Each structure stands twice: as C-alpha cells, then as structure tokens.
C-alpha cells in the first residue's frame with residue numbers, strides 16, 4: 647500500500663466508517679508498510695573477478711526479504727534500488743577464493759557514475775586461508791537511485807572468484823532506514 | 679515532525695480535531711519520517727595518528743537528520759545520544775599506505791577501551807589506501823557519547839585520509855527506549 651498523506655481533521659467533522667477505514671486503518675497500514683523494506687541476498691555459485699578490474703557482484707538469490715520488498719530483483723541482481731527517497735543501510739560480506747598475494751578490496755558504486763566508495767581492503771601476504779571482506783555504510787538516496795557492490799583484486803590470478811553457495815558466505819543486506827520527507 | 683506520546687482514550691474524552699491531528703496525523707508523519715536522528719560524517723583534512731590512542735575527529739556532515747545534538751562539528755569526535763535508546767555506529771577508516779598494524783576502537787563517555795575494539799588490521803607494503811571498517815550497536819542514555827580512536831603499531835605514525843570517499847562514519851538511532 648503506497649503512502650498517503652495523513653488527513654487533516656477539522657472541528658465538527660463527522661466520523662464515518664469510510665473515514666475511519668481510509669484515514670486510520672489504511673493510514674496505519676501504509677505507515678507499517680513503509681518500514682517493511684529490507685532484503686538480504688547471496689551468491690549461489692562462484693563469481694569470477696578478473697585481475698585488476700573493478701567488478702560488480704551479480705547477486706543471484708534471495709536469502710530473505712520483508713513483505714512488499716521492492717529493493718532488489720533477481721533479474722537485475724547487481725543493483726539495490728531506492729523505491730522511496732531516504733536513508734539506506736548497506737551491509738555486505740564476501741568470501742574470496744583462497745589464493746596468495748595481492749589485495750582484496752570491497753566497495754560500492756552509486757548510480758554507476760562518479761566516485762567509488764571503498765569499504766574495506768585486505769592485503770594477502772601469507773595465503774593459505776580464505777579472506778572475508780566486510781563493509782557497512784549509510785547512503786542518502788532519492789527515488790530510483792541504485793547501488794552496486796564492487797570488488798577488486800590484483801593477485802595476478804585471472805580466474806580468481808568470490809565464493810558462492812548455500813552457506814551464504816557471500817551475502818549482502820540492504821534496508822530502508824527512514825528519513826523520507 | 680516530532681513524535682507525541684499516544685494518549686489513553688477515556689469515555690467522553692473526544693476526540694477533538696486537535697487531538698486527531700496531534701495523535702493521528704502528526705504521529706503518522708513522524709513514523710514516516712523516522713529516523714529522527716541520523717548523521718553521516720567525513721573529514722575535510724587528513725589526521726595524523728600515532729602509537730597513542732587518538733580520537734578521530736569529523737568536521738563535515740554529509741547529511742544529518744535532527745539537530746547537531748547528535749553530532750557537532752565543533753566537538754567533532756563525539757557521536758552523541760540526544761535521546762535514550764539503541765544506536766548504531768558504522769563506517770570506514772581509510773589509512774595512508776605505510777606499513778604496520780592499524781587499530782580502531784571506541785570509548786563510551788571517554789572511558790578507556792569501552793565498549794571494545796572495533797577492528798585490527800595488518801597493513802603490508804604500499805600500493806593502495808587501506809580501508810578498515812568498524813561497526814557497533816550500543817545502548818545509550820541521554821547525553822552519552824561514543825568516540826572512535828585510532829592507533830598504529832610498528833611504525834611511528836599513520837594518516838587518516840579525508841574526503842567524501844575517505845574516512846566516513848554514520849551514527850543513527852535504532853530505536854528509542856520506552
């Protein structure tokens with residue numbers, strides 16, 4: 647149910663069942679639905695990350711969502727979109743292939759233009775273990791803005807990958823914080 | 679639109695138009711506009727960090743909801759609680775390229791090492807700036823504050839990098855205490 651500006655009541659206004667349903671029941675539903683906007687997605691299979699190229703993660707499976715989710719669609723898996731203006735929180739974890747050397751960088755792009763916002767970086771000098779990258783940020787967005795999570799590695803391994811699978815080791819949460827005016 | 683505590687209705691107590699507007703219309707608008715307290719900060723200049731715990735200051739508000747009671751650029755290191763409740767601090771520190779360990783921690787009301795270390799990161803050879811994330815959910819009472827501290831090991835100093843894509847932290851109210 648889309649948001650409807652609350653009714654301004656006037657003196658001597660008669661309360662009818664229509665007004666109670668429209669101005670109270672429906673208004674409360676729309677206020678509740680406004681906050682039912684959160685999603686978490688993951689990769690079901692590995693995704694390649696070419697050497698020294700910033701690569702958008704193409705999330706391909708829904709882990710959970712609140713009712714009425716309109717933040718993400720599998721057909722456009724890289725993008726997290728803002729259905730309403732406001733503030734949004736991004737929480738992302740990625741597991742990298744176990745490989746030695748180079749850096750592992752995690753960040754996001756905004757509307758696919760302008761600056762890239764890096765979230766975390768790890769430099770692997772030891773090898774032998776998988777690397778997890780984590781990042782969080784709050785982003786102010788207007789309607790139809792979108793974010794894409796991007797990763798980078800320069801281990802000189804062309805077929806390095808982000809680990810996918812049903813253990814959700816590579817996952818991303820995106821949720822509405824409020825602030826719409 | 680500020681939140682008004684809902685009344686408990688009694689028999690023959692109305693409702694008047696003023697009550698409906700305050701209790702229903704304005705509270706719905708308040709719910710819609712929530713979060714009432716949120717700030718996202720960054721820095722306009724780099725900051726040198728040494729082997730001593732150093733409070734990281736923020737003098738730019740990228741965006742703010744509410745007033746500077748949640749964060750003031752004049753007292754730039756403090757993320758404050760204008761109302762009692764549960765708050766979330768998240769963000770990224772971007773360091774320059776020198777080698778050594780980097781530690782992020784936070785303190786509640788200035789107390790040493792409280793609540794906890796946020797992150798420790800080892801930094802290798804030069805090549806890229808180093809992004810170090812940190813997050814914490816923290817119960818606060820009114821006028822409490824959190825500060826983020828940086829510290830370096832194994833070398834004499836490091837620099838926290840400035841700019842919109844540099845060091846930045848967000849601080850917002852998850853929910854007020856009732």
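Residue numbers (my numbering), protein chains in the order written: chain A, 647 to 827; chain B, 679 to 856.
Beta carbons are placed, not taken as given, at the ideal position from N, Cα and C, and that holds for glycine.
Remember, predicted model here, so these are calculated numbers, not experimental data.
- Item | Rounded distance between the beta-carbons of residue 838 of chain B and residue 756 of chain B, thought under 8 Å | The residue given as residue 756 of chain B occupies position 78 in the second chain. The residue given as residue 838 of chain B occupies position 160 in the second chain. About 16 Å separates the beta carbon of residue 756 of chain B from that of residue 838 of chain B, a gap too long to meet the 8 Å contact definition.
- Contact with chain A by residue 810 of chain B, beta-carbon distance below 8 Å: Translated into positions along the second chain, residue 810 of chain B becomes position 132. Yes, its Cβ sits closer than 8 Å to a Cβ of chain A.
- Since residue 607 of chain A and residue 776 of chain A are thought to touch, with beta carbons under 8 Å apart, how far apart are those beta carbons, to the nearest angstrom? Because chain A in this structure spans residues 647 to 827, residue 607 of chain A falls outside the shown range and cannot be described.
- DSSP bridge partner residues for residue 858 of chain B (one or two, in chain order): A query on residue 858 of chain B cannot be resolved here, the shown segment of chain B reaching from 679 to 856 and no further.
- Message: Cβ closer than 9 Å: which chain B residues qualify as neighbours of residue 655 of chain A?
- Response: Start at 1 with the first residue of the first chain, and residue 655 of chain A comes out as number 9. Listed along the chain, the chain B residues whose CB falls inside 9 Å of the CB of residue 655 of chain A are 693, 694, 695, 696, 697, 698, 699, 702, 703.
- Message: Pull the bridge partners of residue 798 of chain A from the DSSP assignment, please.
- Response: Your numbering for residue 798 of chain A matches position 152 in the first chain. For residue 798 of chain A, DSSP records a beta bridge to A:751.
- Message: Does any residue of chain A have a CB that is nearer than 8 Å to the CB of residue 850 of chain B?
- Response: Indexing the second chain from 1 puts residue 850 of chain B at position 172. By this cut-off, residue 850 of chain B is an interface position.
- State the Cα-Cα distance for the pair residue 844 of chain B and residue 790 of chain A, rounded to the nearest angstrom. Taking the second chain and counting its residues from 1, the one referred to as residue 844 of chain B is at position 166. Taking the first chain and counting its residues from 1, the one referred to as residue 790 of chain A is at position 144. One C-alpha to the other measures close to 25 Å.
- Item | Where residue 783 of chain B meets chain A, residues with beta-carbon distance less than 9 Å | Within the second chain, residue 783 of chain B is the residue found at index 105, counting from 1. Near residue 783 of chain B there are no residues of chain A at all, since even the closest Cβ is about 17 Å away, more than 9 Å.
- In its own chain, which residues sit with a C-beta less than 8 Å from the C-beta of residue 664 of chain A, not counting the 5 before and 5 after it? Position 18 of the first chain holds residue 664 of chain A. None.
- What does a CB cutoff of less than 8 Å around residue 832 of chain B pick up in its chain, not counting 5 residues either side in sequence? Counted from its first residue, the second chain places residue 832 of chain B at position 154. These residues qualify, in order along the chain: 777, 778, 779.
- Task: Tell me whether residue 716 of chain B counts as near the ligand NAP, meaning its Cβ is closer than 7 Å to at least one heavy atom of that ligand.
- Result: With respect to small molecules bound, the structure shown includes none, and the ligand NAP cannot be examined in it.
- Query: Got a sec, what are the start and stop residues for the alpha helix (DSSP H) residue 695 of chain B sits in?
  - Reply: Walking along the second chain from the start, residue 695 of chain B turns up at place 17. Note, residue 695 of chain B: alpha helix (DSSP H), 695 to 698.
- Query: Can you find a C-beta in chain A that's less than 8 Å from the C-beta of residue 750 of chain B?
  - Reply: By 1-based counting over the second chain, the position of residue 750 of chain B is 72. No - not a single Cβ of chain A is within 8 Å of the one on residue 750 of chain B.
- Query: Skipping 5 residues on each side, what residues in its chain have a beta carbon closer than 6 Å to that of residue 827 of chain A?
  - Reply: The count along the first chain starts at 1 and reaches residue 827 of chain A at position 181. At residue 827 of chain A the pLDDT is 48, less than 50, meaning the model places this residue with poor confidence; the figure from the coordinates comes in the next sentence. Result list for residue 827 of chain A: empty, nothing under 6 Å.
- residue 714 of chain B versus residue 822 of chain B: straight-line alpha-carbon distance, rounded: The residue labelled residue 714 of chain B in the question sits at position 36 within the second chain. The residue labelled residue 822 of chain B in the question sits at position 144 within the second chain. Distance between the alpha carbons of residue 714 of chain B and residue 822 of chain B is about 17 Å.
- So, does the CB of residue 683 of chain B fall closer than 8 Å to a CB anywhere in chain A? Counted from its first residue, the second chain places residue 683 of chain B at position 5. Residue 683 of chain B does not count as touching chain A.
- If residue 808 of chain A and residue 689 of chain A are in contact, beta carbons under 8 Å, what's the gap, nearest whole angstrom? As a first step, residue 808 of chain A must be located in the first chain, where it is residue number 162. As a first step, residue 689 of chain A must be located in the first chain, where it is residue number 43. That pair is a contact at about 6 Å.
- Limits of the unbroken beta strand (DSSP E) element including residue 849 of chain B: On the second chain, position 171 is the one that residue 849 of chain B refers to. It spans 846 to 854 - the beta strand (DSSP E) in which residue 849 of chain B sits, taken as one unbroken run.
- Message: Rounded to the nearest angstrom, what separates residue 692 of chain A and residue 778 of chain A at their Cα positions?
- Response: Taking the first residue of the first chain as 1, we reach residue 692 of chain A at position 46. Taking the first residue of the first chain as 1, we reach residue 778 of chain A at position 132. Their Cα atoms are separated by approximately 14 Å.
- Task: Compare the C-beta of residue 786 of chain A with all C-beta atoms of chain B and state if any pair is closer than 8 Å.
- Result: The sequence position of residue 786 of chain A within the first chain is 140, counting from 1. Interface residue, yes.
- Query: Who pairs with residue 826 of chain B in a beta bridge, going by DSSP?
  - Reply: Counting from one through the second chain, the residue named residue 826 of chain B turns up at place 148. Residue 826 of chain B is bridged to B:784.
- Query: When you compare only the Cα positions, how much space is there between residue 678 of chain A and residue 657 of chain A?
  - Reply: Locating residue 678 of chain A in the first chain gives position 32, counting from the first residue. Locating residue 657 of chain A in the first chain gives position 11, counting from the first residue. Roughly 28 Å between the two C-alpha positions.
- Query: Between the Cα of residue 736 of chain B and the Cα atoms of B:684, B:815, B:765, B:840, which residue gives the shortest distance?
  - Reply: Counting from 1 along the second chain, the entry for residue 736 of chain B is found at position 58. Comparing Cα-Cα distances from residue 736 of chain B to each of B:684, B:815, B:765, B:840, the minimum goes to B:840.
- Item | Cβ of residue 765 of chain B within 8 Å of any chain A Cβ | Numbered from its first residue, the second chain carries residue 765 of chain B at position 87. Chain A contact via Cβ: absent.
- Whose Cβ in chain B lies nearer than 8 Å to the Cβ of residue 666 of chain A? The residue labelled residue 666 of chain A in the question sits at position 20 within the first chain. The contacting residues do not exist; residue 666 of chain A stays about 11 Å from chain B at best.
- Taking only the alpha-carbon atoms, compute the straight-line gap between residue 750 of chain B and residue 748 of chain A and give it to the nearest angstrom. Here residue 750 of chain B refers to the residue found at position 72 when the second chain is read from its first residue. Here residue 748 of chain A refers to the residue found at position 102 when the first chain is read from its first residue. Counting only the Cα atoms, residue 748 of chain A lies some 39 Å from residue 750 of chain B.
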